[in-house]
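Heads up, the thing below is written out as structure tokens.
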Amino acid sequence: MIEVHNLKKTYDVKRRQNFFHSTREKVEAVKDISMKIEAGQIVGLLGINGAGKTTTIKMLTTLIEPTSGSYMFDGMDALMNPHQVKKQINMIAGGERMIYWRLTAYENLWYYGQLYGIENNELRRRIDKLLKLVGLEDKANLPVETFSKGMKQRLQIARGMINNPKYIFLDEPTIGLDAVVTQELHEEIKNLAKEQGKGILLTSHYLSEVEELCDYIYMVNNGELVVEGTKKELTDFVFTKKYYAFSVQGMDEAVVAKLRNHLLILDGDSSVELEGRTANISSRLELSSILAEFAVREGLVINELHKLEPSLEQAVIKLSKNIEREEKGIA
Amino acid sequence: MDLKVLNATIKKEFQIRLHAYPMSFMVGCILTSFYTTFGAWLMYHYFFRKRLAVDFTELAGTSDYMSYAIVGSLMYLFVVRTCLNVSRTLITELREGTLESLMLAPFKRTSYFLGNMLLQTFMTFGETAIATLIGVFFGLRIHDFSLLKFVVATLLSLYGFFGLSLMLGCLMLYARDTYISQNTLFTAMFLVCGITFPKEYLPSWLQLIGSIIPVTDALTLMRGALLGGLSTESFMLVSLRVFILGTIYIVVGFPLMKQVERIALEKMEG
Amino acid sequence: MKYFMKVLLAESYKQHRNYFNNRLIYVSLFVWPMFSFLAAYYSYRAFDFGGNIISYISTENILVFILLGYMAMSFFRSVVQSAWNFSRERQSGTLEYIYLSPANRLAVLLGNALSSVFESAVVMFIFGMLIILFNRSALNVNIVGLILVLAIFMVMALLWGVFLNACFLYSRDTDFLFTILEEPMEIFAGVKVPVVIFPGWARIISCIFPLTYVLEALRQVSLNAASISSIKTTILISLVIIMVLLGATLITIQIVEKHMRKTGNVVLF
Chain E
75 MIEVHNLKKT YDVKRRQNFF HSTREKVEAV KDISMKIEAG QIVGLLGING
125 AGKTTTIKML TTLIEPTSGS YMFDGMDALM NPHQVKKQIN MIAGGERMIY
175 WRLTAYENLW YYGQLYGIEN NELRRRIDKL LKLVGLEDKA NLPVETFSKG
225 MKQRLQIARG MINNPKYIFL DEPTIGLDAV VTQELHEEIK NLAKEQGKGI
275 LLTSHYLSEV EELCDYIYMV NNGELVVEGT KKELTDFVFT KKYYAFSVQG
325 MDEAVVAKLR NHLLILDGDS SVELEGRTAN ISSRLELSSI LAEFAVREGL
375 VINELHKLEP SLEQAVIKLS KNIEREEKGI A
Chain Y
163 MDLKVLNATI KKEFQIRLHA YPMSFMVGCI LTSFYTTFGA WLMYHYFFRK
213 RLAVDFTELA GTSDYMSYAI VGSLMYLFVV RTCLNVSRTL ITELREGTLE
263 SLMLAPFKRT SYFLGNMLLQ TFMTFGETAI ATLIGVFFGL RIHDFSLLKF
313 VVATLLSLYG FFGLSLMLGC LMLYARDTYI SQNTLFTAMF LVCGITFPKE
363 YLPSWLQLIG SIIPVTDALT LMRGALLGGL STESFMLVSL RVFILGTIYI
413 VVGFPLMKQV ERIALEKMEG
Chain S
11 MKYFMKVLLA ESYKQHRNYF NNRLIYVSLF VWPMFSFLAA YYSYRAFDFG
61 GNIISYISTE NILVFILLGY MAMSFFRSVV QSAWNFSRER QSGTLEYIYL
111 SPANRLAVLL GNALSSVFES AVVMFIFGML IILFNRSALN VNIVGLILVL
161 AIFMVMALLW GVFLNACFLY SRDTDFLFTI LEEPMEIFAG VKVPVVIFPG
211 WARIISCIFP LTYVLEALRQ VSLNAASISS IKTTILISLV IIMVLLGATL
261 ITIQIVEKHM RKTGNVVLF
């Protein structure tokens with residue numbers, strides 16, 4: 075089990091003021107993060123860009139040393155033994171770089187296998203197995219530059235498995251991939267955890283991806299944990315609310331008040347906020363037909379009626395606000 | 163000629179350079195000129211103690227070896243800097259992904275390249291001036307200055323170099339490489355164009371290659387204008403040659419560039 | 011040790027495939043030094059050899075003298091190029107994966123330089139054949155000395171490469187380092203003009219370049235049939251340089267890894 079407590083990372087950033095002078099500033103990339111990853115579990119690390127995901131992953135992969143905090147790796151102090159940790163982990167990042175394009179798929183895997191000191195016969199067996207696993211066995215001897223994006227990404231997965239790691243860190247693995255390939259990758263990731271018992275940490279800024287894959291989710295913002303929990307626990311918070319943008323001709327506070335009263339009767343958790351000429355509505359209910367009926371009954375002409383997918387930004391902001399409110403309530 | 167495009171190109175390139183002037187590259191070029199000069203200086207003063215081969219003065223038109231070599235190295239610096247920059251513009255656009263949008267715009271290539279050339283020439287004059295100061299320190303002396311000849315030599319050089327840049331640009335864009343093609347051309351030029359020694363020392367087939375690169379003749383003109391030793395008739399004859407060579411390069415270069423652009427974009431898709 | 015060798019060989023094979031499979035590289039390894047060599051050779055024609063002050067250089071063997079210089083430089087240049095190329099792995103992201111693995115860092119750098127030394131050895135062989143073909147009479151070789159010097163030469167080129175690998179990998183402006191190292195080497199290491207005739211200050215600069223010493227030794231044993239005892243100072247200095255390069259590399263690797271774990275950035279200077 076990987077267990078970190080109160081991880082913190084402060085960077086010293088030099089900021090040049092003019093040619094001769096520069097000031098040092100401390101930037102807190104990660105303020106306080108504690109988390110656990112167990113074998114066979116997919117853990118999600120969710121946050122918008124700049125939330126501290128990459129720094130966290132780099133600390134967990136021992137590429138970066140935390141400023142403070144503790145990191146236990148299967149009962150061993152990882153901060154004291156980065157070399158031991160490196161043997162048992164690997165990382166798979168999104169994007170097409172990170173592999174040698176001029177080398178073949180086989181040569182890429184062979185090279186990284188050598189870096190891990192894997193015995194040659196064993197390595198050969200493993201490469202064959204991995205290439206089969208990611209469906210590239212026919213392309214083993216083609217240079218990577220001839221591969222499609224999806225194939226490169228699958229090769230990345232094979233590369234990340236070359237040392238048979240106990241824990242795998244996936245850093246936005248589906249970035250820039252189309253829906254079909256993303257779905258394939260999702261299946262492979264599930265398989266890694268459920269069939270092969272790997273502990274997986276997945277960062278993403280797609281809510282749906284995390285929702286589909288992860289058993290346990292940590293949400294970070296500004297280098298701090300905002301909320302954590304199982305998918306079920308978080309679902310109520312983030313995933314089930316539906317958002318609508320609704321606007322009619324002659325929209326004003328009176329219309330909004332009427333609408334609000336109407337919706338509150340149907341769902342006590344719904345809310346309506348007027349922004350410009352559009353009402354932003356959230357509710358647990360499917361509202362499309364209800365809103366249409368409302369307009370017809372009130373004799374209003376609809377300008378706009380959209381269902382909005384909740385964005386991660388919204389969710390994070392909302393959660394942060396909720397937590398603030400709760401904290402104030404307790405105080 | 164489209165002045166609007168010319169103006170816009172100059173402005174754009176100037177802004178790019180203003181924001182990120184390739185300082186290390188410029189220093190590198192000036193240093194190259196310095197090392198060439200320095201090498202010649204070591205050979206002349208320390209290795210051979212100023213004893214020149216008997217045929218040097220006759221072939222070079224001057225007995226001042228240092229000035230001969232320094233003018234050569236300055237010209238070399240000038241060629242490298244202008245050629246390189248003009249040639250690299252399109253491949254830079256290709257690498258940065260702006261070539262496509264550039265090709266969408268229906269403008270004349272002539273103005274585009276000329277704009278680049280003018281700006282680069284302006285900047286290179288500054289750099290060459292710095293290198294000239296270094297040259298004076300190592301013994302550069304002007305013996306027989308003729309303003310008219312100097313102006314003619316400069317203009318014709320630019321004309322010839324422009325043609326050469328177009329060709330190099332085609333090659334770079336086609337091969338999608340700058341490092342190998344530019345350095346191969348430049349080391350070859352250093353060998354065959356008579357930069358630090360009279361080209362007559364070369365075997366005839368190398369001389370022949372040298373004579374189809376406008377730099378060789380341009381350098382002869384420049385030495386004639388600064389160091390003398392070239393009769394007015396010869397000066398005019400060589401001038402004519404540079405002009406014809408430059409014209410051939412330019413006339414072939416533009417249509418070729420169009421072809422290569424198309425090929426480059428197709429390759430990018432594939 | 012076995013693990014070390016595995017990494018070393020894997021890295022040199024990778025570099026060989028990744029970098030040298032581009033045929034054009036051989037242009038830079040062979041054609042450029044050839045052109046530069048010819049240019050240097052013809053520029054000597056402008057001088058009167060009677061004025062030359064080094065006894066063992068004459069019109070007959072000047073060709074071999076310069077050819078040896080450019081051959082040696084091509085060797086050293088290729089490791090510089092290869093190191094420069096390796097530094098691009100920082101941008102392509104593969105460096106991070108190398109750092110993610112427990113592989114020995116020195117083995118990686120060494121393997122990388124080894125591949126270019128191997129490539130250059132081929133080029134060197136061709137140069138060597140040319141020398142013998144064109145100017146056998148100019149040679150005056152001490153065979154035992156030549157073998158010894160060649161061995162030292164290879165090791166030094168290798169470590170020079172490793173050291174530059176370390177420098178380039180961890181530096182921001184690699185292009186600048188590249189230009190700074192390329193041409194001064196040609197002049198100051200005595201590739202075309204022998205160091206012996208340099209004025210004092212220039213000789214001090216030439217001391218910085220490891221190539222200076224091995225090149226001098228190489229010329230002595232092939233043109234002057236110098237005995238090992240007569241070039242023992244040069245050999246000794248070469249050995250010291252080898253140790254210093256190795257030490258400097260190891261220290262750099264240590265510092266960089268520490269620095270990187272602190273700042274998340276491999277760039278040290």
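Chains as they are written, first to last, in our numbering: chain E, 75 to 405; chain Y, 163 to 432; chain S, 11 to 279. Glycine included, each C-beta is placed from N, C-alpha and C at the ideal position. Fair warning: this is a prediction, and the values are worked out from it, not measured in the lab.
Indicate the three-state DSSP secondary structure (helix, strand or coil) for alanine 131 of chain S in the structure shown. Along the third sequence, read from residue 1 onward, the residue named residue 131 of chain S stands at position 121. The answer is helix: DSSP assigns alanine 131 of chain S an H, G or I state.
Considering only residues of the same chain and omitting the five flanking positions on each side of alanine 148 of chain S, which have a CB-CB separation below 6 Å? Walking along the third sequence from the start, residue 148 of chain S turns up at place 138. Within the same chain, alanine 148 of chain S has close Cβ partners Glu70, Asn71, Val74.
To the nearest angstrom, report how far apart isoleucine 404 of chain E and glycine 143 of chain E are at their CA atoms. Working through the first sequence from its first residue, we reach residue 404 of chain E at position 330. Working through the first sequence from its first residue, we reach residue 143 of chain E at position 69. Low confidence applies here, because isoleucine 404 of chain E scores a pLDDT of 47, under 50, leaving its location unreliable; read the following figure in that light. Taking the straight line joining both Cα atoms gives about 28 Å.
Could you list the residues in the segment 215 to 227 of chain Y with a C-beta less than 9 Å from some C-beta on chain S, going in chain order? Ala215, Val216, Asp217, Phe218, Leu221, Ala222, Tyr227
When Y:Met384, Y:Met329, Y:Phe416, Y:Gln344 are compared against isoleucine 374 of chain Y, the one with the closest alpha-carbon: Position 212 of the second sequence, counted from the start, is the residue given in the question as residue 374 of chain Y. Out of Y:Met384, Y:Met329, Y:Phe416, Y:Gln344, Y:Met329 has the C-alpha closest to the C-alpha of isoleucine 374 of chain Y.
Are at least three pairs of beta-carbons, each pair with one atom in the segment 288 to 306 of chain E and one in the segment 315 to 331 of chain E, less than 8 Å apart? no
Enumerated in chain order, which unbroken segments of the beta strand (DSSP E) with a length of 3 residues or greater are wholly contained in the segment 259 to 317 of chain E? 273 to 278, 290 to 295, 298 to 304
Is aspartate 106 of chain E near asparagine 80 of chain E, with beta carbons less than 8 Å apart? Here residue 106 of chain E corresponds to residue number 32 of the first sequence, with the count starting at 1. Here residue 80 of chain E corresponds to residue number 6 of the first sequence, with the count starting at 1. Yes, the pair counts as a contact, with Cβ atoms nearer than the cut-off.
Residues in the segment 104 to 136 of chain S with C-beta within 8 Å of chain E's C-beta atoms, listed in sequence order? Thr104, Glu106, Tyr107, Ile108, Tyr109, Leu110, Ser111, Pro112, Ala113, Val118
For arginine 55 of chain S, go through chain Y and note every residue whose CB falls closer than 7 Å to its CB, in chain order. Residue numbering aside, residue 55 of chain S sits at position 45 when the third sequence is read from its first letter. Going along chain Y in sequence order, the residues near arginine 55 of chain S (Cβ under 7 Å) are Ala215, Phe359, Tyr363.
Residue burial classification, proline 209 of chain S (beta-carbon count within 10 angstroms, cutoff 16): Position 199 of the third sequence, counted from the start, is the residue given in the question as residue 209 of chain S. By the neighbour-count rule (16 or more Cβ atoms within 10 Å), proline 209 of chain S is not buried but exposed.
Inter-residue Cα distance where the pair is glycine 224 of chain E and glycine 297 of chain E: Position 150 of the first sequence holds residue 224 of chain E. Position 223 of the first sequence holds residue 297 of chain E. So the two alpha carbons sit approximately 31 Å from each other.
Under 8 Å, Cβ to Cβ, is there at least one residue of chain S near tyrosine 292 of chain E? Mapped onto the first sequence, residue 292 of chain E falls at position 218. Taking Cβ atoms only, chain S never reaches closer than 8 Å to tyrosine 292 of chain E, which makes this a no.
Suppose the cutoff is 6 Å on Cβ atoms and the five residues either side in sequence are ignored; what does the same chain contact list for valine 294 of chain E look like? Here the question's residue 294 of chain E lines up with position 220 in the first sequence. Here the set comprises Gly121, Ala125, Gly126.
Taking 8 Å as the CB-CB cut-off, is valine 151 of chain S touching chain E? In the third sequence, residue 151 of chain S corresponds to position 141, counting from 1. For valine 151 of chain S, the answer is no, since every Cβ of chain E falls outside 8 Å of its Cβ.
Indicate the three-state DSSP secondary structure (helix, strand or coil) for threonine 130 of chain E in the structure shown. Working through the first sequence from its first residue, we reach residue 130 of chain E at position 56. Here threonine 130 of chain E sits in helix by DSSP.
Should valine 370 of chain E go down as buried or exposed, given a rule of 16 or more other Cβ atoms within 10 Å for buried? Mapped onto the first sequence, residue 370 of chain E falls at position 296. Under this definition valine 370 of chain E is an exposed residue.
Tell me which residues share the same chain as leucine 197 of chain E and place their Cβ nearer than 6 Å to its Cβ, disregarding the 5 neighbours each side in the sequence. Counting from 1 along the first sequence, the entry for residue 197 of chain E is found at position 123. Within the same chain, leucine 197 of chain E has close Cβ partners Gly187.
Under the three-state reduction of DSSP, which class applies to asparagine 164 of chain E: helix, strand or coil? Within the first sequence, residue 164 of chain E is the residue found at index 90, counting from 1. Strand.
For chain S, check one thing: does any of its Cβ atoms lie closer than 8 Å to the Cβ of methionine 460 of chain Y? A question about residue 460 of chain Y goes unanswered here, because the residues of chain Y that appear run from 163 up to 432.
For tryptophan 175 of chain E, I'd like the list of residues in its chain whose CB is within less than 6 Å of its CB, leaving aside the five on either flank, ordered along the chain. Taking the first sequence and counting its residues from 1, one reaches residue 175 of chain E at position 101. Around tryptophan 175 of chain E: Val218, Glu219.
Expected contact under 8 Å - CB spacing of glycine 223 of chain Y and leucine 389 of chain Y to nearest Å: Counting from 1 along the second sequence, the entry for residue 223 of chain Y is found at position 61. Counting from 1 along the second sequence, the entry for residue 389 of chain Y is found at position 227. About 7 Å separates the two Cβ atoms, so the contact holds.
May I ask you to report which of helix, strand or coil DSSP gives methionine 75 of chain E? Translated into the one-based positions of the first sequence, residue 75 of chain E becomes position 1. Residue state, collapsed to three classes: coil.
For lysine 110 of chain E, decide whether its Cβ has a neighbour in chain S, counting only Cβ atoms nearer than 8 Å. For the purposes of this step, residue 110 of chain E is identified with residue 36 of the first sequence, where counting begins at 1. With 8 Å as the cut-off, lysine 110 of chain E does not count as an interface residue toward chain S.
Give me the Cα-Cα distance between threonine 294 of chain Y and threonine 382 of chain Y, rounded to the nearest whole angstrom. On the second sequence, position 132 is the one that residue 294 of chain Y refers to. On the second sequence, position 220 is the one that residue 382 of chain Y refers to. One C-alpha to the other measures close to 18 Å.
Rounded to whole angstroms, what is the Cα-Cα separation between serine 126 of chain S and glycine 408 of chain Y? Here residue 126 of chain S refers to the residue found at position 116 of the third sequence. Here residue 408 of chain Y refers to the residue found at position 246 of the second sequence. Spanning the two alpha carbons is a distance of roughly 40 Å.
Contact list for serine 102 of chain S against chain B, beta-carbon separation under 9 Å: Note that chain B does not occur in the displayed structure, where the protein chains are E, Y and S.
Are the C-beta atoms of valine 41 of chain S and some chain Y residue less than 8 Å apart? For the purposes of this step, residue 41 of chain S is identified with residue 31 of the third sequence, where counting begins at 1. Answer yes: the Cβ-Cβ gap between valine 41 of chain S and chain Y drops below 8 Å somewhere.
In the DSSP assignment, find the alpha helix (DSSP H) that holds glutamate 367 of chain E and state where it starts and stops. Position 293 of the first sequence, counted from the first residue, corresponds to residue 367 of chain E. Looking at the DSSP string, the run of the alpha helix (DSSP H) that includes glutamate 367 of chain E is 362 to 372.
Check this for me: beta carbons of valine 241 of chain Y and phenylalanine 324 of chain Y, under 8 Å apart or not? Counting from 1 along the second sequence, the entry for residue 241 of chain Y is found at position 79. Counting from 1 along the second sequence, the entry for residue 324 of chain Y is found at position 162. For valine 241 of chain Y and phenylalanine 324 of chain Y, no; Cβs fall outside 8 Å.
Endpoints, beta strand (DSSP E) assigned at methionine 109 of chain E: Along the first sequence, one-based indexing puts residue 109 of chain E at 35. Start and end: 96 to 111.
CB of tyrosine 185 of chain E within 8 Å of CB of leucine 177 of chain E, strictly: Taking the first residue of the first sequence as 1, we reach residue 185 of chain E at position 111. Taking the first residue of the first sequence as 1, we reach residue 177 of chain E at position 103. Cβ atoms of tyrosine 185 of chain E and leucine 177 of chain E: closer than 8 Å.
Which of the three DSSP states, helix, strand or coil, is assigned to histidine 305 of chain Y? In the second sequence, the residue the question calls residue 305 of chain Y occupies position 143. Histidine 305 of chain Y: coil per DSSP, three-state reduction.
Please report the straight-line C-alpha distance between phenylalanine 275 of chain Y and alanine 123 of chain S, rounded to a whole angstrom. Your numbering for residue 275 of chain Y matches position 113 in the second sequence. Your numbering for residue 123 of chain S matches position 113 in the third sequence. Roughly 41 Å between the two C-alpha positions.
Assuming contact is defined by CB atoms lying nearer than 8 Å, are leucine 333 of chain Y and valine 354 of chain Y in contact in what I supplied? Along the second sequence, read from residue 1 onward, the residue named residue 333 of chain Y stands at position 171. Along the second sequence, read from residue 1 onward, the residue named residue 354 of chain Y stands at position 192. No, the pair does not count as a contact, with Cβ atoms beyond the cut-off.
For serine 357 of chain E, the three-state DSSP class (helix, strand or coil): Residue numbering aside, residue 357 of chain E sits at position 283 when the first sequence is read from its first letter. Correct three-state label for serine 357 of chain E: strand.
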